[in-house]
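Working notes, beginning with the structure itself.
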Amino acid sequence: MIILLMDIVLFLIGFYALVTKRNLIKKVIGFGIMEYALNLFFILVGYRVEGQAPILSQNNLIGDIFVDPLPQALVLTSIVIGLGVTALMVSLCIRLYQRYGTFDIDQIRRLKG
Amino acid sequence: MNAIVVFVALPLFAAFSLPIIGRFWKRGLDAVSLLVTALLSLCAIYFVIFSNSLPQVYPIGFWPPPLGISWLLDSLSLFMLLVINLITFFVSMYSINYMEQYTSKWRYYTLLMLMLAGLNGVVLSGDIFNLYIFLEITAISSYALVAFGTGAEELEASFKYMVLGSIASAFILIGIAFLYAKTSTLNMFDMASVLAGSPFNSASLLFVSALFITGFGIKAALVPFHAWLPDAHPTAPAPISAMLSGLVIKTIGIYALVRILFNVFSLNIITSEILLTLGGISMFVGVILAIGQWDFKRLLAYHSISQIGYIICGISLGTPLGIAGGLFHLFNHSVFKSLLFLNAGSVEYATGTRDLKKLSGLQESMPCTSWTSMIASLSISGVPPLCGFWSKLIIIVALFQAGKFFYGALAILVGIITLASFLKVQKYVFYREIEKITSKIRKIPAFMCLAMVGLAVLCILIGVGFKPVLNKLINPAAEVLVKGRGYFIELLNTYGAN
Amino acid sequence: MNGMSLIVKRVTRYTVGLILLYGIYIVFHGHLTPGGGFAGGVIIALSFIHLVLAFGIRSAKKSIPKRLISIGESLGGLLFLCIGLIGLTGGFFFLNFFAKKGEPFTLLSAGTIPLCNIAIGLKVGTGLFAIFMALAVFKLTKEEDKQ
Amino acid sequence: MLELYLVMAFMLIGAVVAVGLRGLLSSVIAVGAIGLGLCVMFLLLKAPDLAITQLVVEILMLIILIRATIGRGVSRIKDRSSVWVFISFFIFSAAFILAASMAIKELPMFGQELMKVSKFYVDNALLKTGAANIVTSIILDFRAYDTLGETTVLFTSVIGVLALMRRKGRKKINERDEPDS
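Residue numbers (the numbering used here), protein chains in the order written: chain Y, 2 to 114; chain Z, 7 to 504; chain U, 1048 to 1194; chain V, 153 to 333.
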């Protein structure tokens, strides 16, 4: 319970950086922190006390308690999506820097409203 | 039944092979993408005409619903598939000539095909996490396509879109995490049957609904969350503006939201009221902001917000008539708003500007664009024989029938303002004659004309033959939403593992 | 960027092969041990990035054919999609179509899963390397513009 | 359990540092620290697959971010020190945490997952797919279609990055296309 709330606080820190920071790279960092918090949330949800890692071997066969493997599969996908979005974001930042010579969002505002 | 695979596999196949084809055979790019989209729209039409045993559930990898991912083909998803593939066909035809203005066309076509695959995947998916993944494919390809010209404004608009889009995705994903924690399943049918046991006003369900409304609301650009749309839609290349306004905000915004809220959560009084309010605000604010615009495409973008408001107002009523009106308007709006964006693209292609004050008297020099844009403008403002009229009429009647007189009156008022706004556009672009600028006007190539004429014909056809369209397409789709959660539970019992 | 010092270059010659081998190992043993196509693919990409960082972008551009990278990426995607489509012959999309799954806990088991891992590893490795090269090379051209 | 809280606290501190620091390079490195903390967290929560993936992805991210920052953004950018932004964000986050905690109360207790669908995976994965790693058997057999989507996402972002990094975006209509770099 407490640890889930701590994870949500981590999510909100990332959200804060993404929304309020003026520096483009800081926004990317905020997005990264949000992704971490989301991935962790899935895994925390799937955790079972005394559970084992969901990998079988000859001396660890069916019948023991395992942690939930499904959220792990989802998070694997989610990490990849986060990586893809971040790479695209960084490349946009580099292009914007090349056009405007700064990472400051306030100096980049050309479009109104 | 295996034929459904085509809707996702064919565009993906094209997307993966276009980078290779593009190296050896430049003109082949146009041919391949046109062929793929044409085939897909033929498939969609075939399914609409000959499908008699809907709904169908297709278990991928032969794992029945709660275990694996399953595709769901019912009247609603079939309807969305038809809209998506038809519009993409025309957009792809238009791109053949229009995208000659940009470098490296093969990347454009690859991203377009990926976007198409994403849209089809969202519509077909019966699994909530899978829906999220395909939503991300669509979103990422649209971020890249908005910035395709790599000019300063395009990059800025794309960055803004990207920041808001990733916030939306994060909210949706955290909603999915909460749902998984609560139900321990990802399949939407199974989820509906688990959630049937808990009351609709339990804190977790309300929280998840709020997250989904915010997340999908940003994707659909409902008004408090609309900040990205007026930048992103106008700065993109014209065919992409048409895709974004015509399809993307509807599929990954409205369709996904409505599918989850109606069929998984089953609509309740709270979400219905919230959606109705958001729809009303979007309808009004969008059109008010559109009045003051002098940029052709920006004006159209604000009108998109307003028309999205109409659709949400209709659907959120939850009555069969309201939902049918909303879905019908969704179809019509896809057709005429794509057409309008293509018109704006042609005007920009021919004259090099989209400032309404600088344009004048193009009626003689661009007859094709002028006539098709006339038809589209009349449609969007709801002039009787054309398609926009019928759907707006149905929505307004449904609003009055449900006792929402304020929203009904608002819808009529917004319709009138829309008409005025488009009269302004027609007058400034095509019929005002202050000085002839014919010397610099570039001729519109054949494929662009063909695409615009095709969409205009579609506009008229839907308007004239609205009765069969309603009976064959819209009403069965609306029925799916009216049945609510019970429909998914029934599907689980029919196709489920045990 | 002209690459790093002689010591780094020399050490890189020995380590890069090991890293590449480790990535390939992770890809091939994805169905038995932790890891899999994605993690292995990233490691493969990292081994090439290691090479580029040590020897500099200019010499890397000469020795690594860029055309091969993007073709490899497309091929990885096509391979994975085709594995899904071959499942159709058994009646369903993405059917694990081998009737005999093989002896568990050995390399050749689990039907299509190792094949999928290889496809994903190929795709991820080439794709991420392409991203890195695009970002790094762009910086170089920009500096050239300035001069 | 205590170690979970400790690593979590480390990650929170890292996040505050990363967001709060002025210099770009130092906050990028702080993000790397959070990522490694997350990797340890995955190990503690019995997800070795994710730990490996997170580790290598983190390294790649750091390389990309450092390449993006180095030599750029030398001039410090001051943030809007508006009190209103801070207060409104504070209210928003208080409301969010309150709602989330009410929602979390209705979920199963931490560590007591329901395992409604996953029970089938755990019991039958080896039998039905032959893979010893259950996570792999899920991503490549039970939910292989998800993985197709995942690779497509990566493909999309690769093509997107390549498209954004073109030297020239627009051209004249009859001009020759630049050769693919």
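Glycine residues also receive a C-beta, built at the ideal position from the N, C-alpha and C atoms. All values reported here derive from a predicted model rather than from experimental measurement.
- If you draw a straight line from the Cα of Z:Phe213 to the Cα of U:Thr1059, it comes to about 52 Å.
- Residues of chain Y whose Cβ lies closer than 7 Å to the Cβ of U:Ile1178 are, in chain order, Ala88.
- Within the region 60–79 of chain Z, Tyr64, Pro65, Ile66, Gly67 and Phe68 place their CB atoms closer than 8 Å to a CB of chain U, listed in sequence order.
- One alpha carbon belongs to Z:Ser278, the other to V:Thr299, and they sit about 35 Å apart.
- Leaving aside the five residues that flank Z:Ala350 on each side, the residues in its chain whose CB is nearer than 7 Å to its CB run, in chain order, Ala244, Phe302, Lys303, Leu306 and Arg360.
- When Cβ-Cβ separations below 8 Å define contact, Y:Phe67 makes no contact with chain Z.
- Across the structure, Z:Ile321 and Z:Leu125 are spaced so that their CA atoms are roughly 20 Å apart.
- The criterion of a C-beta distance shorter than 8 Å is satisfied by Z:Tyr167 and Z:Ala238.
- Not flagged as an interface residue toward chain U: Y:Leu97, since no C-beta distance is shorter than 8 Å.
- Nearest CB-CB separation between Y:Ser92 and chain U: below the 8 Å threshold.
- Within chain U, no residue has its beta carbon less than 8 Å from that of Z:Ser172; the closest one is some 18 Å off.
- Closest in alpha carbon position to Z:Ser110, among V:Glu155, V:Ala199, V:Ala284 and V:Ile325, is V:Ile325.
- Taking a Cβ-Cβ cut-off of 7 Å, the neighbours of Y:Val46 in chain Z comprise Ala183, Tyr186 and Ala187, given in sequence order.
- Within 10 angstroms of the beta-carbon of V:Tyr273 lie 16 or more other beta-carbons, which makes it buried.
- Interface annotation, Z:Leu179: in contact with chain Y, CB-CB separation under 8 Å.
- A direct Cα-to-Cα measurement between Z:Ala209 and Z:Thr424 gives close to 40 Å.
- Excluding sequence positions up to five before and after Z:Ala457, its CB lies within less than 8 Å of the CB of Phe96, Val97, Met99, Tyr100 and Leu348, all in the same chain and listed in chain order.
- A distance of 8 Å or more separates the beta carbons of Z:Leu273 and Z:Gly132.
- With a contact defined as Cβ atoms closer than 8 Å, Y:Val68 and Y:Ala88 miss out at about 30 Å.
- Around the CB of Z:Val463, fewer than 16 other CB atoms lie within 10 Å, so the residue is classed as exposed.
- Using a CB distance cut-off of 8 Å, U:Leu1132 counts as an interface residue toward chain Z.
- By the rule that beta-carbons nearer than 8 Å mark a contact, Y:Leu25 does not touch chain U.
- Cβ neighbours of Z:Leu295 within its own chain (closer than 7 Å, five residues either side excluded): Tyr308.
- Chain-ordered, the chain Y residues with CB closer than 7 Å to the CB of V:Asp201 read Gln73 and Leu77.
- In this structure, Y:Tyr48 lies near V:Glu265, with their beta-carbon atoms less than 8 Å apart.
- DSSP places Z:Leu295 inside the alpha helix (DSSP H), whose first and last residues are Ile275 to Ile297.
- DSSP places Z:Gln107 in the helix class (H, G or I) of the three-state scheme.
- Proximity to Z:Asp196 across V:Lys320, V:Gly184, V:Asp275 and V:Lys268 peaks at V:Lys268, based on C-alpha coordinates.
- Exclusion of the five residues before and after Y:Pro70 leaves Pro55 as the residues of its chain whose Cβ lies within less than 7 Å of its Cβ.
- Taking Z:Ala356 as the centre and dropping the five residues before and after it, the same chain places the C-beta of Met372, Ile447, Arg448 and Ile450 closer than 7 Å to its C-beta, in chain order.
- When Z:Val11, Z:Thr378, Z:Lys363 and Z:Ile466 are compared, the shortest CA-CA separation from Z:Arg438 is found for Z:Lys363.
- Taking 7 Å as the upper bound on Cβ-Cβ separation, chain Y lies near residues Tyr157, Met160, Met163, Leu164, Ala167, Val168, Ala170 and Val171 of the region 157–173 of chain V.
- Residues of the region 13–24 of chain Y that bring their beta carbon within less than 9 Å of a beta carbon in chain V comprise Leu13, Ile14, Gly15, Phe16, Tyr17, Ala18, Val20, Thr21, Lys22, Arg23 and Asn24, in sequence order.
- Spanning the alpha carbons of Y:Leu97 and Y:Val20 requires a straight line of approximately 18 Å.
- Annotation: Cβ neighbours of Y:Ile109 in chain Z (cutoff 7 Å, chain order): Glu162.
- Inter-residue distance for Y:Pro72 and Z:Tyr149 is about 28 Å (C-alpha atoms, whole angstroms).
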